[in-house]
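So for the sequence shown, this note's numbering puts the first residue at 758; every next one is plus one. Where a beta carbon is used, it is the ideal one built from N, C-alpha and C, also for glycine. The model shown is predicted, which means the values in this text are computed figures rather than measured ones. Each remark here refers to the structure printed beneath this line.
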Amino acid sequence: MADLEPVIRIARSRVDEQRRVLAALLRQADALAAQRRRIEADIAAEAALLIAEEPGTDVDIRPEPGVVAHFGPFVARAEAERLRVRADLDTLESEIATAREALADAYRARRVLELAADTRRRKVAAEAARREQDALDESGIARHRRRSGRHG
């Protein structure tokens, strides 16, 4: 019977590689999510400049005209960037799902090989124990025959 350890090592390395791929994709998704949160925070900060109030009162402060003129194009650029990041995240989520499936497949393949190797080891051990027991039984039968005076 062929030894499965080399094949199991390859399967383990495939699982490790799939884990690395998935981890890299998850890091990319985290970075994109952080970028999206930053964009949203920037939009909120700019909007807060437009609706600022006098500290300690309910009196609105009028923003400077340059701030108002800047806000529209800023929001348009930020929204376009946010949509691009969202599209990138959607694509990445699809890749993450595929990577998770690949990891699960690699793990299942490794597990099948490990179970086959365990089964093979148990069969070999059981066969060795059976042969040893047969030898002991034969030895016991021979000793019994010698003691009883029959040499059959």
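Task: Per-residue DSSP class, three states only, for I853 - done: Counting from 1 along the sequence shown, the entry for residue 853 is found at position 96. Three-state DSSP puts I853 in a helix.
TODO: State the DSSP-derived secondary structure class of L840, mapped to helix, strand or coil.
DONE: Indexing the sequence shown from 1 puts residue 840 at position 83. Correct three-state label for L840: helix.
Task: 6 Å CB neighbourhood of L846 in its chain, flanking five on each side removed - done: Translated into positions along the sequence shown, residue 846 becomes position 89. Cβ within range, chain order: L789.
Task: Contact the stretch 775-789 vs the stretch 857-867: 3+ CB pairs below 8 Å - done: yes
Task: Cβ shell of R793 (< 8 Å), same chain only, five flanking positions each side left out - done: Here residue 793 corresponds to residue number 36 of the sequence shown, with the count starting at 1. Cβ within range, chain order: R839, V842, R843, L846.
- [ ] Report yes if the C-beta of V772 is less than 7 Å from at least one heavy atom of the ligand ZN; otherwise report no.
- [x] The ligand ZN is not part of the structure shown, which contains no ligands of any sort.
Open item on the list: Is the beta carbon of I853 closer than 8 Å to that of A780?
Closed with: What you label residue 780 is simply residue 23 of the sequence shown in a count that begins at 1. What you label residue 853 is simply residue 96 of the sequence shown in a count that begins at 1. For A780 and I853, no; Cβs fall outside 8 Å.
- [ ] Can you grab the Cα-Cα spacing for the pair A874 / A885, in whole Å?
- [x] Translated into positions along the sequence shown, residue 874 becomes position 117. Translated into positions along the sequence shown, residue 885 becomes position 128. Cα to Cα, the separation comes out at about 16 Å.
Task: A798, buried or exposed, once every other Cβ within 10 Å from all chains shown has been counted against 16 - done: Locating residue 798 in the sequence shown gives position 41, counting from the first residue. A798 comes out exposed.
TODO: Under 8 Å by Cβ, that's how I've got A835 and I800 pegged, so tell me the actual separation to the nearest angstrom.
DONE: Along the sequence shown, read from residue 1 onward, the residue named residue 835 stands at position 78. Along the sequence shown, read from residue 1 onward, the residue named residue 800 stands at position 43. Indeed, because the Cβ distance is near 5 Å, the residues count as touching under 8 Å.
TODO: On a CA-only basis, which of E871, A892, E889 is nearest P763? Give me that one, please.
DONE: Residue 763 sits at position 6 when you count from the first residue of the sequence shown. Closest option to P763, Cα to Cα, is E871.
Open item on the list: Just to confirm, is the Cβ distance from A768 to R867 under 8 Å?
Closed with: The residue you call residue 768 lines up with position 11 of the sequence shown. The residue you call residue 867 lines up with position 110 of the sequence shown. Yes, these two residues count as a Cβ contact at 8 Å.
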